[in-house]
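In my numbering, the protein residues as written are 402 to 682. Backbone N, C-alpha and C define an ideal beta-carbon position, used for all residues, glycine too.
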Amino acid sequence: MFSSFKKIQNIGSTSIRFYSTIKKGRLDGKVALITGAADGVGRESSLLFAKEGAKVLLVDVNDIKGKEVESLIKSSGGEASFFRADVSKASDVKEMIDAVEKTFGKLNILFNNAGIMISEDDDSVNTTEEVWDKTMNVNLKGVFLGCKFGIPALLRAGGGTIINTASFVAIMGAATPQIAYTASKGGVLAMTRELAIIHARQNIRVNALCPGPLRTELLDKFLNTPEKRNRRLVHLPMGRFGLANEIANGALFLASDESSYVTASTFLVDGGLTASYVTPL
402 MFSSFKKIQN
412 IGSTSIRFYS
422 TIKKGRLDGK
432 VALITGAADG
442 VGRESSLLFA
452 KEGAKVLLVD
462 VNDIKGKEVE
472 SLIKSSGGEA
482 SFFRADVSKA
492 SDVKEMIDAV
502 EKTFGKLNIL
512 FNNAGIMISE
522 DDDSVNTTEE
532 VWDKTMNVNL
542 KGVFLGCKFG
552 IPALLRAGGG
562 TIINTASFVA
572 IMGAATPQIA
582 YTASKGGVLA
592 MTRELAIIHA
602 RQNIRVNALC
612 PGPLRTELLD
622 KFLNTPEKRN
632 RRLVHLPMGR
642 FGLANEIANG
652 ALFLASDESS
662 YVTASTFLVD
672 GGLTASYVTP
682 L
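Written out as structure tokens, the structure is:
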């Protein structure tokens with residue numbers, strides 16, 4: 402994407418034009434807050450958003466890995482700051498929103514990405530209340546709190562975009578039982594649609610990013626046996642799990658002005674999984 406376009410000469414009916422060689426980032430001038438920024442999709446998105454010109458507040462409960470991402474961005478000439486917050490706690494979430502405005506002056510992009518998947522998550526009979534509550538508190542309540550405190554900041558900046566990480570399991574059943582995770586992501590998807598409609602005329606776009614199965618530490622912990630892993634892998638038309646940076650590219654599109662007419666979207670980045678009727682040969 403180039404910064405200027407000029408007509409320099411007319412010869413008869415032919416116009417000669419040139420583009421300047423000053424390349425601009427897709428998020429130049431924007432401030433982003435990304436939760437779950439220390440690992441996986443959050444880490445890759447943080448690095449990519451900074452590369453594309455955004456100032457990024459990195460939020461996570463993992464101080465060591467979060468600060469590593471901050472260091473990587475700064476060493477590459479970008480602007481970032483790490484802030485420790487537990488998205489399941491209202492006080493922490495309020496403080497992270499205060500921090501982004503204090504540090505960078507505004508908030509344009511809110512990426513509610515933090516999430517957990519607990520290996521003991523199973524069917525409704527075998528899943529404990531503890532697993533259910535912990536999953537809901539992070540995956541669903543965390544997104545709610547992010548929007549609760551983040552939307553006023555977006556309004557103060559004149560509008561912006563919210564990306565909520567849901568999942569392909571929000572729209573179809575999972576091949577392996579994970580009742581709490583599936584229910585939490587279904588809630589994220591429904592909440593995203595409603596928020597998008599509520600704020601559509603306030604210059605705020607809200608979209609759900611729905612990844613397919615990814616090669617991340619989170620999924621590896623859940624698919625912790627060859628049987629579980631193969632049960633999921635056999636359904637993927639592309640024959641492989643996705644990569645975190647592939648999801649980050651989807652998030653970049655939703656964060657940028659290129660998606661200016663996209664809101665209330667179920668944005669699937671799943672390798673064709675949800676479109677597959679039968680297991681491919």
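Asked, Found
"Top-ranked residue by Cα proximity to PHE512, from MET537, THR436, SER568 and GLN579", "THR436"
"DSSP-derived helix/strand/coil call for LYS425", "coil"
"8 Å Cβ cutoff met for GLY551 and LEU508", "yes"
"Exposed unless 16 or more other CB atoms sit within 10 angstroms - verdict on ASP522", "buried"
"Outcome for GLN579 when other beta-carbon atoms lying within 10 angstroms are tallied against a minimum of 16", "buried"
"Same chain only: Cβ atoms within 7 Å of THR667, ignoring 5 sequence neighbours per side", "ILE572, LEU590, ALA609 and CYS611"
"Assigned secondary structure, ILE510 (DSSP; H/G/I helix, E/B strand, else coil)", "strand"
"Neighbourhood of ILE498 by C-beta, 6 Å cutoff - its chain only, sequence neighbours within 5 removed", "PHE550, GLY551 and ALA554"
"Beta carbon of VAL470 nearer than 8 Å to that of LEU448", "yes"
"Status (buried if at least 16 other CB within 10 Å, exposed otherwise) for THR598", "For the sequence presented, residue 598 should be read as Ile rather than Thr. Per the 10 Å Cβ criterion, exposed."
"Candidates VAL442, LYS452 and PHE484, of which the one nearest LYS425 by Cα", "LYS452"
"Short Cβ contact (8 Å threshold) for VAL494 with VAL488", "yes"
"CB of ALA575 within 8 Å of CB of THR583, strictly", "yes"
"Same chain, Cβ closer than 6 Å to VAL352, neighbours up to 5 away in sequence not counted", "Not covered by the structure: residue 352. The range shown for the chain is 402 to 682."
"Residues of its chain near GLY643, where Cβ-Cβ distance is below 6 Å and the 5 sequence neighbours each way are ignored", "GLY613, LEU615 and GLY672"
"Endpoints, the alpha helix (DSSP H) within which THR504 is located", "491-505"
"ALA676 versus THR504: straight-line alpha-carbon distance, rounded", "43 Å"
"Exposed unless 16 or more other CB atoms sit within 10 angstroms - verdict on GLY467", "buried"
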